[in-house]
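Enquirer: Take a look at the following structure, please.
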Amino acid sequence: MVEIYENYKELRNEIKDDVKILVASKGRNSDEVREAINAGARHIGENYIYPEATNKHEKLTDLSDSVTWHVIGHLQTNKINKALPIFDVIQTVESGYRAKNINKRLKREEMREKRTKNGLSETISVFVEVNISREESKYGIEPEFEKIRSLLNKIKKMEYLVPDGLMTMGRKTSDMEIKRKEFRKMKELFDRSNKEIDNLELSYLSMGMTNTYKTAIEEGANMVRVGRGIFGERN
Numbered sequence: 001m002v003e004i005y006e007n008y009k010e011l012r013n014e015i016k017d018d019v020k021i022l023v024a025s026k027g028r029n030s031d032e033v034r035e036a037i038n039a040g041a042r043h044i045g046e047n048y049i050y051p052e053a054t055n056k057h058e059k060l061t062d063l064s065d066s067v068t069w070h071v072i073g074h075l076q077t078n079k080i081n082k083a084l085p086i087f088d089v090i091q092t093v094e095s096g097y098r099a100k101n102i103n104k105r106l107k108r109e110e111m112r113e114k115r116t117k118n119g120l121s122e123t124i125s126v127f128v129e130v131n132i133s134r135e136e137s138k139y140g141i142e143p144e145f146e147k148i149r150s151l152l153n154k155i156k157k158m159e160y161l162v163p164d165g166l167m168t169m170g171r172k173t174s175d176m177e178i179k180r181k182e183f184r185k186m187k188e189l190f191d192r193s194n195k196e197i198d199n200l201e202l203s204y205l206s207m208g209m210t211n212t213y214k215t216a217i218e219e220g221a222n223m224v225r226v227g228r229g230i231f232g233e234r235n
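Under the UniProt record's numbering, the first residue of the sequence shown carries the number 1, and numbering increases by one thereafter.
Here you go:
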C-alpha cells in the first residue's frame with residue numbers, strides 16, 4: 001500500500017497541475033483505490049460497472065465527496081441503470097444510440113433522485129469516444145470531424161447530458177511515433193470541435209495511459225488514465 005501512495009505522489013509531482021490524473025482501477029480492490037485517494041487522487045476510472053465498480057463505490061462512500069468517478073470502459077445498455085447512480089462522468093459515448101439511452105434513463109425522476117441522494121447532479125458529463133486507430137476491435141466513433149460534430153450536436157440537445165470532452169484508447173503498440181500521430185490527430189479534433197461547434201466548450205482531452213501518458217501530454221492531453229503506473233503489476 002505504501003508503494004501505491006508513493007507512486008501516485010511521484011506521478012503527481014512529475015505531471016503539471018493542469019493535467020488531471022485519472023486512476024484506472026480495473027481489477028483493483030477498494031483498499032488499493034482508497035490508498036490512491038489518500039495520496040491525493042481525485043479522479044477514479046472504472047471499466048466494469050457491475051459488480052466491480054458498484055461494490056468498490058459502496059465501500060468508498062465516505063470519500064465520495066472528494067472523488068469524481070468516471071466510466072472508462074464500454075457501457076453496455078443493460079448496465080446503464082447500475083452506472084447512473086454512482087458515476088459523475090461517462091467517457092465512452094460513441095454513438096447517438098448510446099447517448100439517447102443514457103438520457104432516456106435520466107428522464108426518469110426516480111433515477112435522478114438516486115443521483116442526487118448520492119451527491120451527484122441530475123445531469124451527467126459525457127465524453128465522446130473516438131476510435132482514432134480505426135480498429136474494428138475497438139469502440140468509438142470514426143475520427144472524422146463531421147461525424148464527431150454531428151454526435152456532439154445531438155448530445156447538446158439532450159436535456160440531461162453535458163458534452164465535456166473527447167476520449168480515445170488508440171492502437172496498442174510500442175511505436176511511439178504511431179501513438180504521437182494518433183494523439184496529435186485527437187488534439188486537432190478537440191480544438192476544431194471547440195472552435196467550430198456553436199455553444200460548445202469541451203474541457204477535457206482524455207488520452208494516454210501508463211506507457212504513453214508522457215507523449216499524450218506533449219501532444220495536448222489534459223487528462224491521462226494511469227493504472228499500472230500507480231498500482232504496479234497485477235498479481
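All C-beta atoms, glycine included, are put in the ideal place defined by N, C-alpha and C.
1) Buried or exposed: which applies to residue 168, given that a residue is buried once 16 or more other Cβ atoms fall within 10 Å of its Cβ?
2) Just the C-alpha distance for residue 230 and residue 129, rounded to the nearest angstrom, thanks.
3) Using the three-state DSSP reduction, which class does residue 212 fall into: helix, strand or coil?
4) Indicate whether residue 176 and residue 207 have their beta-carbon atoms separated by less than 8 angstroms.
5) Is DSSP giving residue 22 helix, strand or coil here?
6) Can you say whether residue 97 is buried or exposed, counting buried as having 16 or more other CB atoms within 10 angstroms of its CB?
7) Per DSSP, what kind of secondary structure is residue 85 in: helix, strand or coil?
8) Buried or exposed for residue 127, please, with buried defined as at least 16 other CB atoms from any protein chain shown within 10 angstroms of its CB.
9) So, for residue 63: in the same chain, excluding its five sequence neighbours on each side, which residues have a beta-carbon less than 8 angstroms away from its beta-carbon?
10) Assuming residue 50 and residue 106 make a contact with CB atoms under 8 angstroms, what is their CB distance in whole Å?
11) Need the endpoints of the beta strand (DSSP E) that residue 164 sits in, please.
12) Let's test the definition: count the other Cβ atoms within 10 Å of the Cβ of residue 234 and tell me whether it reaches 16, buried, or not, exposed.
13) Let me confirm a value: residue 132 is counted as buried when at least 16 other C-beta atoms fall within 10 Å, else exposed. Which label applies?
14) Answer with buried or exposed for residue 78, where buried requires no fewer than 16 other C-beta atoms within 10 angstroms of its C-beta.
15) Whose C-beta lies closer than 7 angstroms to the C-beta of residue 152 among residues of the same chain, with five residues either side of it excluded?
16) Give the straight-line distance between the Cα atoms of residue 191 and residue 95, rounded to the nearest whole angstrom.
17) At the level of alpha carbons, what is the spacing between residue 227 and residue 23?
18) Measuring only the C-alpha atoms, how far is residue 148 from residue 155?
19) Suppose the cutoff is 7 angstroms on Cβ atoms and the five residues either side in sequence are ignored; what does the same chain contact list for residue 189 look like?
20) Considering just the uninterrupted stretch of the beta strand (DSSP E) at residue 124, what are its terminal residues?
21) If we call anything under 8 angstroms between Cβ atoms a contact, is residue 44 one with residue 67?
22) Between residue 29 and residue 218, what straight-line distance do the alpha-carbon atoms span, to the nearest angstrom?
Expert: Taking the definition as stated:
1) Residue environment analysis places residue 168 among the buried positions, since at least 16 neighbouring C-beta atoms fall within 10 angstroms of its C-beta.
2) Residue 230 and residue 129 have their C-alpha atoms spaced approximately 24 angstroms apart.
3) Coil, per DSSP.
4) The Cβ-Cβ distance between residue 176 and residue 207 does not fall below 8 angstroms.
5) If DSSP states are grouped into helix, strand and coil, residue 22 belongs with the strands.
6) Residue 97 is exposed by the Cβ-count criterion.
7) In the structure shown, residue 85 sits in coil (DSSP, three-state: anything other than H, G, I, E or B).
8) Answer is buried; the Cβ neighbour count reaches 16.
9) Cβ within range, chain order: 34 and 37.
10) At roughly 18 angstroms, the Cβ-Cβ gap does not stay under 8 angstroms, so residue 50 and residue 106 are not in contact.
11) Note, residue 164: beta strand (DSSP E), 161 to 168.
12) Residue 234 should be labelled exposed.
13) Flag for residue 132 reads buried.
14) Exposed is the call here.
15) Counting only Cβ-Cβ distances below 7 angstroms, and skipping sequence neighbours, we find 128, 163, 193, 197 and 200.
16) A straight-line Cα-Cα distance of about 20 angstroms links residue 191 and residue 95.
17) Straight-line measurement puts the Cα of residue 23 at about 6 angstroms from the Cα of residue 227.
18) The straight-line gap from Cα to Cα measures roughly 11 angstroms.
19) Excluding five sequence positions before and after residue 189, the CB atoms of its chain that fall closer than 7 angstroms to its own CB belong to 130, 143, 145, 148 and 166, given in chain order.
20) 124 to 130 is the extent of the beta strand (DSSP E) around residue 124.
21) Closer than 8 angstroms, so yes.
22) Those two C-alpha atoms are separated by around 32 angstroms.
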